[in-house]
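Data block below; observations after.
There are 2 protein chains.
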Amino acid sequence: MQAGIIGLGLMGGSLGLALKETKMFKSVVGYDASLLHGRQALTLGLVDELVSLKDLQECDIVYVAVPLESTLEVLDNFEDVERPNFTIVDLGSVKDKIASSLSPKLQKYYIGAHPMCGTENSGPSASVKDLYKHKIVILSNLDRASTFQEAFAKEVFLAIGMQIVSMDSISHDKHVAFISHLPHVLSFALANAVLSQERPEDILMLAGGGFVSMSRLSKSSPITWSDIFKQNKEFLTNSINVYEKELQKLKGFLEEDDYEGLKAWIANANRISEFL
Amino acid sequence: MQAGIIGLGLMGGSLGLALKETKMFKSVVGYDASLLHGRQALTLGLVDELVSLKDLQECDIVYVAVPLESTLEVLDNFEDVERPNFTIVDLGSVKDKIASSLSPKLQKYYIGAHPMCGTENSGPSASVKDLYKHKIVILSNLDRASTFQEAFAKEVFLAIGMQIVSMDSISHDKHVAFISHLPHVLSFALANAVLSQERPEDILMLAGGGFVSMSRLSKSSPITWSDIFKQNKEFLTNSINVYEKELQKLKGFLEEDDYEGLKAWIANANRISEFL
Numbered sequence: 001m002q003a004g005i006i007g008l009g010l011m012g013g014s015l016g017l018a019l020k021e022t023k024m025f026k027s028v029v030g031y032d033a034s035l036l037h038g039r040q041a042l043t044l045g046l047v048d049e050l051v052s053l054k055d056l057q058e059c060d061i062v063y064v065a066v067p068l069e070s071t072l073e074v075l076d077n078f079e080d081v082e083r084p085n086f087t088i089v090d091l092g093s094v095k096d097k098i099a100s101s102l103s104p105k106l107q108k109y110y111i112g113a114h115p116m117c118g119t120e121n122s123g124p125s126a127s128v129k130d131l132y133k134h135k136i137v138i139l140s141n142l143d144r145a146s147t148f149q150e151a152f153a154k155e156v157f158l159a160i161g162m163q164i165v166s167m168d169s170i171s172h173d174k175h176v177a178f179i180s181h182l183p184h185v186l187s188f189a190l191a192n193a194v195l196s197q198e199r200p201e202d203i204l205m206l207a208g209g210g211f212v213s214m215s216r217l218s219k220s221s222p223i224t225w226s227d228i229f230k231q232n233k234e235f236l237t238n239s240i241n242v243y244e245k246e247l248q249k250l251k252g253f254l255e256e257d258d259y260e261g262l263k264a265w266i267a268n269a270n271r272i273s274e275f276l
Numbered sequence: 277m278q279a280g281i282i283g284l285g286l287m288g289g290s291l292g293l294a295l296k297e298t299k300m301f302k303s304v305v306g307y308d309a310s311l312l313h314g315r316q317a318l319t320l321g322l323v324d325e326l327v328s329l330k331d332l333q334e335c336d337i338v339y340v341a342v343p344l345e346s347t348l349e350v351l352d353n354f355e356d357v358e359r360p361n362f363t364i365v366d367l368g369s370v371k372d373k374i375a376s377s378l379s380p381k382l383q384k385y386y387i388g389a390h391p392m393c394g395t396e397n398s399g400p401s402a403s404v405k406d407l408y409k410h411k412i413v414i415l416s417n418l419d420r421a422s423t424f425q426e427a428f429a430k431e432v433f434l435a436i437g438m439q440i441v442s443m444d445s446i447s448h449d450k451h452v453a454f455i456s457h458l459p460h461v462l463s464f465a466l467a468n469a470v471l472s473q474e475r476p477e478d479i480l481m482l483a484g485g486g487f488v489s490m491s492r493l494s495k496s497s498p499i500t501w502s503d504i505f506k507q508n509k510e511f512l513t514n515s516i517n518v519y520e521k522e523l524q525k526l527k528g529f530l531e532e533d534d535y536e537g538l539k540a541w542i543a544n545a546n547r548i549s550e551f552l
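Chain order of the listed sequences is S and L.
Note that this note's numbering has the first sequence beginning at 1, numbered continuously upward.
Note that this note's numbering has the second sequence beginning at 277, numbered continuously upward.
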């Protein structure tokens, strides 16, 4: 069997390393719209071979790991594949818009997957072999896919050490707005807030572990995240509104010198330890 | 020489381990208002001996590592110490209010220090030996302290592996509002936002590395952080206002579908990599 990967950055490149390790495939081939990234990926051994988009139609399973706004265009290339056992998996971070735009035929071949892993780094050189290991992957809209595609996609995700959670694409987009997209918003806003000050270097030289944790995500790719925020605009805006209410509560405690209220608000946040 | 530590939680307890390792002191003694914490600290070997507040007056150097709102009361106990070589160091996270409340006499003995390190855990059992190593400590208002006290305090901080930065207490409070207090606000607010949802467990089960990073600080102590927010209320409120403007910018890009503006905003946040 042959696996193909479109987009050889952090997610696609790391997947290449993971798929090769499973030994489930005779070869893992790749394609990247950037010639430079393709060559880097090959040099780094992320894939066995670079092929054309057209050649990828011959693969048993193809993974799409490109910025969200390019995903539909990439999926279009597979409209005329006729093999009933062909599987195509999209790894994007927002699911509903793409899933509901697919042709009925392609929907049978298509598995929407969102691996809950990543780092703030991007490009082929950011790839790490164990990025997916012991992490959660959310599969969505499995009811539209054929049984074979569902089983095959799951088998591979299990083989690279992932834990599978299934839900419909709307629930997915709503939940990840809070658990992934909102945290990125906060980190970008924190970095911009500090950088907007007159001499940010005087502030940043004092950074301890707390600021390092909170600003890590602010190093993430503008293209990747602009596309994600665009496609999940409604749910993301809702999560930001919920979040802003919490900030208002805190400001209210300070304005009214209500430090018992403030302590209770912090103690409530501490409940996150029950889950994480 | 003998060193004393008041407050044997994360900061005081970790300092005990670090001071013992320097071998600069014949003994490192401690006091905690909580009998349980005192005994835990002794069992864990964080200090050599538990003593009374009064006994601490005999130490060469005393470190105060209690919640901010208790600091002045603790410092009051040292008003009648008459030894010119007595040094007292407060490790609190906000400096101006305390420094400017001290008597002229105590100000000569007093060094305001803020070690830029910590973890989300608290209590004696949270202590770790290398908490201070290779971290920054901000010393403030050194002009009010006597030469001996400044030199001695610096020598010990260097001995436990810290890097010293000096500034006046107002600049300190202004800078740490951005680099330490604001990040804690964001993390508490993020945790509370998710926990306010109908079934937070359904969201939190999907947490990846990003959410884990961004919610870590939300596990921090309500007493410690309520006191910090209270004492740094003005600068903290200012930093929250600056931060909220960045959130408004982001919401504006989404509302106006200005994705070039959004990309530029994210790319600006990426500049944090030039510093960290």
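Glycine included, C-beta positions come from ideal geometry on N, C-alpha and C.
Keep in mind it's a predicted model, so treat the numbers as computed, not measured.
Contact with chain L by residue i, beta-carbon distance below 7 Å
| i | result |
| --- | --- |
| Pro67 of chain S | no |
| Ser281 of chain S | Nothing can be reported for residue 281 of chain S: it is not among the residues displayed for chain S, which extend from 1 to 276. |
| Gly112 of chain S | no |
| Tyr31 of chain S | no |
| Gly13 of chain S | no |
| Ile98 of chain S | no |
| Leu17 of chain S | no |
| Cys59 of chain S | no |
| Leu276 of chain S | yes |
| Ser101 of chain S | no |
| Val242 of chain S | yes |
| Gly108 of chain S | Gly is not the amino acid found at residue 108 of chain S; the sequence shown has Lys there. No, its Cβ sits nowhere closer than 7 Å to a Cβ of chain L. |
| Ser273 of chain S | yes |
| Glu246 of chain S | yes |
Test: residue i CB closer than 7 Å to a CB of chain S
| i | result |
| --- | --- |
| Val370 of chain L | no |
| Leu286 of chain L | no |
| Phe511 of chain L | no |
| Glu349 of chain L | no |
| Met300 of chain L | no |
| Ile244 of chain L | Beyond the ends of chain L as shown, which are 277 and 552, falls residue 244 of chain L; an answer cannot be given. |
| Ser310 of chain L | no |
Cβ neighbours of residue i in the same chain (closer than 6 Å, five flanking residues each side left out)
| i | result |
| --- | --- |
| Gly528 of chain L | none |
| Val338 of chain L | Gly280, Leu332 and Ile364 |
| Asn417 of chain L | Ala375, Gly388 and Ser445 |
| Ser239 of chain S | Ala177, Phe178 and Leu182 |
Supposed contact pair residue j and residue i - C-beta distance, whole angstroms, cut 8 Å
| i | j | result |
| --- | --- | --- |
| Thr22 of chain S | Ala113 of chain S | With a Cβ gap of about 16 Å, Thr22 of chain S and Ala113 of chain S do not count as contacting. |
| Ser213 of chain S | Arg492 of chain L | 6 Å |
| Phe511 of chain L | Asp449 of chain L | 5 Å |
| Asp324 of chain L | Ser310 of chain L | With a Cβ gap of about 19 Å, Asp324 of chain L and Ser310 of chain L do not count as contacting. |
| Leu276 of chain S | Ala483 of chain L | 6 Å |
| Gly283 of chain L | Val342 of chain L | 4 Å |
The ligand FAD heavy atom lying under 6 Å from the CB of residue i
| i | result |
| --- | --- |
| Met300 of chain L | With respect to the ligand FAD, the structure offers nothing, as it holds no ligand at all. |
Same chain, Cβ closer than 8 Å to residue i, neighbours up to 5 away in sequence not counted
| i | result |
| --- | --- |
| Lys409 of chain L | Ala294, Ile436, Gly437 and Met438 |
| Ile203 of chain S | Val194 and Gln197 |
| Arg315 of chain L | Leu326 |
| Lys381 of chain L | Glu355 |
| Glu82 of chain S | none |
| Leu91 of chain S | Met11, Gly12, Leu15, Tyr63, Val64, Ala65, Ala113, His114 and Pro115 |
| Asn232 of chain S | Ser93, Val94, Asp173, Val176, Ala177 and His181 |
Same chain, Cβ closer than 7 Å to residue i, neighbours up to 5 away in sequence not counted
| i | result |
| --- | --- |
| Tyr249 of chain S | Per the sequence presented here, residue 249 of chain S reads as Lys, with Tyr not at that position. Excluding positions up to five away in sequence, the list reads Trp265. |
| Phe188 of chain S | Ser218 |
| Phe25 of chain S | Met1, Gln2, Ala3 and Leu19 |
| Glu443 of chain L | Residue identity differs from the one stated: residue 443 of chain L is Met in this sequence, not Glu. If we look at Met443 of chain L and ignore the five residues flanking it on each side, its Cβ neighbours are Ile414 and Ser416. |
| Tyr243 of chain S | Leu182 |
Residue nearest to residue i in terms of C-alpha spacing, selected from the options
| i | options | result |
| --- | --- | --- |
| Asp178 of chain S | L:His457, L:Phe424 and L:Leu471 | The question names Asp, but residue 178 of chain S is Phe in the sequence shown. It is L:Leu471. |
| Asn468 of chain L | S:Leu262, S:Ala151 and S:Ser103 | S:Leu262 |
| Ser125 of chain S | S:His37, S:Met205 and S:Asn270 | S:His37 |
| Gln333 of chain L | L:Gly486, L:Leu344 and L:Leu351 | L:Leu351 |
| Phe148 of chain S | S:Asp60, S:Asp32 and S:Gly9 | S:Asp60 |
| Leu15 of chain S | S:Glu260, S:Leu72 and S:Leu131 | S:Leu131 |
| Thr347 of chain L | L:Leu378, L:Ala545, L:Ser445 and L:Arg359 | L:Leu378 |
| Ser171 of chain S | L:Ala429, L:Pro476 and L:Gly321 | L:Pro476 |
| Leu190 of chain S | L:Ser497, L:Leu523, L:Thr513 and L:Lys509 | L:Leu523 |
| Cys393 of chain L | L:Pro360, L:Gly288 and L:Arg420 | L:Gly288 |
| Ile548 of chain L | S:Asn268, S:Ser220 and S:Lys95 | S:Ser220 |
Residue i at chain C interface by Cβ criterion, 7 Å
| i | result |
| --- | --- |
| Pro498 of chain L | Note that chain C does not occur in the displayed structure, where the protein chains are S and L. |
request  = Could you run through the segment 177-201 of chain S and flag, in chain order, every residue whose CB is less than 8 Å away from some CB of chain L?
outcome  = Phe178, Ile179, Ser180, Leu182, Pro183, His184, Val185, Leu186, Ser187, Phe188, Ala189, Leu190, Ala191, Asn192, Ala193, Val194, Leu195, Ser196, Gln197, Pro200 and Glu201
query = Going along the segment 126-138 of chain S in order, which residues come within less than 7 Å of chain L, judged by CB to CB distance?
reply = Lys135, Ile136 and Ile138
ask   = What residues in the segment 524-546 of chain L bring their beta carbon closer than 9 Å to a beta carbon of chain S?
value = Lys525, Leu526, Lys527, Phe529, Leu530, Glu531, Asp533, Tyr535, Glu536, Leu538, Lys539, Ala540, Trp541, Ile542, Ala543, Asn544, Ala545 and Asn546
request  = Give the residues from the segment 140-171 of chain S that approach chain L closer than 9 Å (Cβ to any Cβ), ordered along the chain.
outcome  = Val165, Met167 and Ser171
ask   = the segment 478-493 of chain L: which residues have C-beta closer than 8 Å to a C-beta of chain S, in chain order?
value = Asp478, Ile479, Leu480, Met481, Leu482, Ala483, Gly484, Gly485, Gly486, Phe487, Val488, Ser489, Met490, Ser491, Arg492 and Leu493
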